Amino acid sequence: MGLEFLADLADPARLIGPIFDKELRVSSRRRRYYLLRFAYIAGLSIAVLWVWMSFSMVPGGLSPAGRILRLSEAGKVMITSVVWFQFCAAQFLAVTMLSSSISDEIYRRTLGVLMTTPMSSFQIVTGKLFSRLLQIMILLAISLPLLAIVRVFGGVPWDYLISSLCITLTAVVFAGSLSLYYSIRKHQAFLAMRQAFSVCLLLYLLPPIAELLLALLYPNFYWGYFWILHYLNPFYILAQNTQMMMTAAGAASSFLSWPLHCGIMMSLSVLVLARSMRSVRKVALKDAAGQLQLFRKGKRISIGKAAVPAAPPKKAGGKVKPVTGPPILWKEMRTPLIKQEKIFQILALIFVAVALLAAYGFGIYYRYLDEEYMHVVYIVVYLLFGMARTTAVAAGTISSEKEARTWPLLLTTPLEDRQIAWGKMIGAILQGSPAWLLIAGHMLVFCLVGYIHPIAIIHVSMVVVPGAFFAAALGLYLSSSFKRTSTAVTAATLLLSGLWLFFPWCCCGVFIPSLGGIELIFMANPFFAAGMTVAATAGTKNADLALSQMRYGFDGNDLGILAATAMLLFIGLLYLFFAFLLASGAMDKFRSNIFSTDK
């Protein structure tokens, strides 16, 4: 394999290979990439427009010199907004697009055929990687003219643009390499995407969290011991690079080198790709021999033993669990979102338990639990976890049946479409029960302690229940519209992010301030509504207030208890109405194109 690798590096034509050419021809004919570019440009334009509008509202008495200085600051903010937007979006797209790079070949049973050609595993892996990354490079190139134009305002050096582009590219290559590797290992795009995101989050979040905990426990701890770990975190390097450009103090306090960081990230990417080349050959050989599904832990069957008569199966111990209640709900509650071994489940539970103990322990130790903002953080984090899990489960309920080719069988049962849709939705909501139990337990415990007013239980329920039904209905609709789970989950994530994050942000900065009604826009966001409700009812100064004294709102536009309750009720009913429409639309799609194999 070493000589083959060196030969591919020496010949550029062999380095690219026919896979790269084939993927480019296929991608150029897919509408999704044109829609992706349109959505990227639209999001980028709205972000720049938001920043420009916020800086264009200058006071009337500002001098010409002050206007020029403000224009320079606007250029800095706009460029940093574009840089961070493309930095986060490009990594997300790299993980999403490469999560199906090898799993598609495995799903179509064509990976073994590829290995019978003169192509090497190096050409297969690099062809898949570069063809998908080229689409992301096009998106990054789209923003370069905008960055060059905005730089005319002044205050932004060229080295910041070049360094931020290099940091973004190396982060994208690393994230894409991880996603491609897990695409070989997991055989399902959604599992590969989930695993790649998990590894990136652990790699980027654990060192800062450990550093923060050590700084809190040991005030004299020298944080410089973590400098080598900072080189593995592109978010930290880009934040430092941005601080150097924005302030003189940031430039003076910097000591990390971004070229060294880029070299380290590229080295890690090469290691991951080398591991992928070894794995893809093994998986391809199993696929060619028809043994891909047989190679599981504890169930390895070789070709030489295939003709030997199997021993009679052992009698299963215990009782068979009967199906109780609605069958679809019974099945959904016993189907995990991610099939993991017991050891990983135990480790995940231990990690969650330690995180909860640390979060509440620090709150008790530093006496933060009597402040309303701490309860806002707890509730919003739990709600985010619950909504994300509910959406992911709902988006995979029907598409996973299509991938397993059991969807036509389910439709031949006596179950009605309404029963299937209802069971899938309720099952998805109940799959998020850990988060809902955390919210309920937090509210009940601190209501008893006296840190949260009891009315918050009613108001938070008015936010959580309709929002969960809407997320489940949206996931169900997208799951019935797409053939692949990864596509449905990605579409659901992007739609909810745009609806609950990007749209209110744009309305706040551009459209609504001159028209009024900003409260309704933000309270339609369940995270903001839950946070605003908890902020108005939590803390020692709010928990003892009478109902008539409570005020909900922000920016001086406070609402009374009756107005806030009426608004929450109206928005909740609106969410339930749209959930009903989405569920009805999903049922209409149940029996259309049942046997289609298109994506």
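If you count the sequence shown from 1, you need to add 237 to reach the numbering used here.
Even glycine gets a Cβ: it sits at the ideal position worked out from N, Cα and C.
All of these numbers come straight from a predicted model, not from anything done at the bench.
*Spatial distance of C403 from P651 (CA atoms)*: What you label residue 403 is simply residue 166 of the sequence shown in a count that begins at 1. What you label residue 651 is simply residue 414 of the sequence shown in a count that begins at 1. Going from the Cα of C403 to the Cα of P651 covers about 58 Å.
*Could you check what DSSP says for G633 in three-state terms: helix, strand or coil?*
Taking the first residue of the sequence shown as position 1, residue 633 is located at position 396. Looking at G633 - three-state DSSP - the assignment turns out to be coil, as it is neither helix nor strand.
*Who are the near neighbours of L606 in its chain, counting only those whose CB is closer than 7 Å to its CB and skipping five residues on each side?*
Along the sequence shown, one-based indexing puts residue 606 at 369. For L606, where only same-chain residues beyond five positions count, the Cβ hits under 7 Å are G600 and Y688.
*asked:* What does the alpha-carbon distance come out to for the pair I663 and R422?
replied: What you label residue 663 is simply residue 426 of the sequence shown in a count that begins at 1. What you label residue 422 is simply residue 185 of the sequence shown in a count that begins at 1. Approximately 31 Å, taken between the alpha carbons.
*Within its chain, find whatever has a CB closer than 7 Å to the CB of L715; leave out the 5 residues flanking it on each side and keep chain order.*
Along the sequence shown, one-based indexing puts residue 715 at 478. Excluding positions up to five away in sequence, the list reads A632, A725, A728 and A729.
*From what residue to what residue does the alpha helix (DSSP H) around F705 run?*
Translated into the one-based positions of the sequence shown, residue 705 becomes position 468. In the sequence under discussion, the amino acid at residue 705 is Ala, which differs from the Phe named in the question. Start and end: I692 to S718.
*With a cut-off of 8 Å, do at least 3 Cβ pairs link the stretch 755 to 775 to the stretch 691 to 701?*
yes
_L667 beta carbon less than 9 Å from that of L738_ = The sequence position of residue 738 within the sequence shown is 501, counting from 1. The sequence position of residue 667 within the sequence shown is 430, counting from 1. Not closer than 9 Å, so no.
_Which of helix, strand or coil DSSP assigns to I339_ = The sequence position of residue 339 within the sequence shown is 102, counting from 1. Here I339 sits in coil by DSSP.
*Give every residue of the same chain whose Cβ lies closer than 6 Å to the Cβ of F765, excluding the five residues on either side of it in the sequence, and list them in chain order.*
Position 528 of the sequence shown, counted from the first residue, corresponds to residue 765. Closer than 6 Å at Cβ, skipping near neighbours: F759.
*When you compare only the Cα positions, how much space is there between S357 and I379?*
Counting from 1 along the sequence shown, the entry for residue 357 is found at position 120. Counting from 1 along the sequence shown, the entry for residue 379 is found at position 142. Roughly 33 Å between the two C-alpha positions.
*asked:* On the CB-based measure, 16 or more other CB atoms within 10 Å of its CB, does S265 come out buried or exposed?
replied: In the sequence shown, residue 265 corresponds to position 28, counting from 1. With fewer than 16 other Cβ atoms within 10 Å, it is exposed.
*Neighbourhood of V288 by C-beta distance below 8 Å, restricted to the same chain and skipping five residues each side*: Mapped onto the sequence shown, residue 288 falls at position 51. The residues are A311, V314, M315, S318 and G746.
*Please confirm whether Q656 and P563 have their CB atoms less than 9 Å apart.*
As a position in the sequence shown, residue 656 is number 419, starting the count at 1. As a position in the sequence shown, residue 563 is number 326, starting the count at 1. Cβ atoms of Q656 and P563: closer than 9 Å.
*What's the gap between the Cα of H424 and the Cα of V517?*
Taking the sequence shown and counting its residues from 1, one reaches residue 424 at position 187. Taking the sequence shown and counting its residues from 1, one reaches residue 517 at position 280. For H424 and V517, the distance between alpha carbons rounds to 11 Å.
*If you draw a straight line from the C-alpha of G660 to the C-alpha of E569, how long is it?*
By one-based count along the sequence shown, residue 660 stands at place 423. By one-based count along the sequence shown, residue 569 stands at place 332. Spanning the two alpha carbons is a distance of roughly 8 Å.
_At least 3 beta-carbon pairs within less than 8 Å: the stretch 500 to 511 vs the stretch 332 to 343_ = no
_Alpha carbon of R262 to alpha carbon of L449, nearest angstrom_ = Along the sequence shown, one-based indexing puts residue 262 at 25. Along the sequence shown, one-based indexing puts residue 449 at 212. Their Cα atoms are separated by approximately 48 Å.
*Between the Cα of E638 and those of I446, K720 and L620, spot the shortest distance and give me the residue it belongs to.*
If you number the sequence shown from 1, residue 638 lands on position 401. Nearest of I446, K720 and L620 to E638, Cα basis: K720.
*At least three beta-carbon pairs within less than 8 Å, the stretch 668 to 685 to the stretch 604 to 623*: yes
*Entirely within the stretch 345 to 396 and at least 4 residues each: give me those alpha helix (DSSP H) ranges in chain order.*
348 to 351 and 358 to 387
*Return the residue from the list K365, F322 and A426 that minimises the CA-CA distance to L376.*
If you number the sequence shown from 1, residue 376 lands on position 139. The shortest Cα separation from L376 among K365, F322 and A426 belongs to F322.
_Three-state secondary structure (DSSP) of I587_ = Position 350 of the sequence shown holds residue 587. In this structure, I587 counts as helix in the three-state DSSP scheme.
*Going by Cα to Cα distance, which pick from V701, R274 and P355 is closest to I256?*
Working through the sequence shown from its first residue, we reach residue 256 at position 19. The shortest Cα separation from I256 among V701, R274 and P355 belongs to P355.
*Take T479 and list the residues in its own chain whose beta-carbon comes closer than 6 Å to its own, dropping the five residues that flank it on each side.*
Working through the sequence shown from its first residue, we reach residue 479 at position 242. Same-chain partners within the cutoff: T317.
_Suppose you measure from the CA of M824 to the CA of S717; what does that come to, to the nearest Å?_
If you number the sequence shown from 1, residue 824 lands on position 587. If you number the sequence shown from 1, residue 717 lands on position 480. Approximately 8 Å, taken between the alpha carbons.
*For S751, which residues of its own chain have a beta-carbon under 7 Å away from its beta-carbon, when the five flanking residues on both sides are left out?*
In the sequence shown, counting from the first residue as 1, residue 751 sits at position 514. Annotation note: pLDDT 46 at S751 (below 50); position unreliable, no value reported.
*Locate the alpha helix (DSSP H) running through S723, then write down its first and last residues.*
Stepping through the sequence shown from its first residue, residue 723 is reached at position 486. Its alpha helix (DSSP H) spans residues T722 to S734.
*In the DSSP assignment, find the alpha helix (DSSP H) that holds P471 and state where it starts and stops.*
On the sequence shown, residue 471 is found 234 positions in, with the first residue counted as 1. Start and end: P471 to M483.
*Report yes or no: do the stretch 322 to 337 and the stretch 406 to 420 share at least 3 C-beta pairs separated by less than 8 Å?*
yes
*asked:* Give me, in chain order, the residues of the same chain whose beta-carbon lies closer than 7 Å to that of F427; leave out the 5 immediate sequence neighbours on both sides.
replied: Within the sequence shown, the letter at position 190 stands for residue 427. Closer than 7 Å at Cβ, skipping near neighbours: G633, T722, S723 and V726.
*Closest Cα partner of S401 within the set E608, P496 and F411*: Position 164 of the sequence shown, counting from 1, holds the residue named residue 401. Checked all of E608, P496 and F411; the closest Cα to S401 is P496.
*Might you give, ordered along the chain, the residues of its own chain that have their beta carbon closer than 8 Å to the beta carbon of L273, omitting 5 neighbours on each side?*
What you label residue 273 is simply residue 36 of the sequence shown in a count that begins at 1. L330, Q372 and L376.
*For L796, name the three-state secondary structure that DSSP assigns.*
The residue you call residue 796 lines up with position 559 of the sequence shown. L796: strand per DSSP, three-state reduction.
_Cα-Cα separation, M787 to Y271_ = Here the question's residue 787 lines up with position 550 in the sequence shown. Here the question's residue 271 lines up with position 34 in the sequence shown. Cα-Cα distance, rounded: 50 Å.
*Do you know how far the Cα of L647 is from the Cα of A820?*
Here the question's residue 820 lines up with position 583 in the sequence shown. Here the question's residue 647 lines up with position 410 in the sequence shown. Cα to Cα, A820 sits roughly 18 Å from L647.
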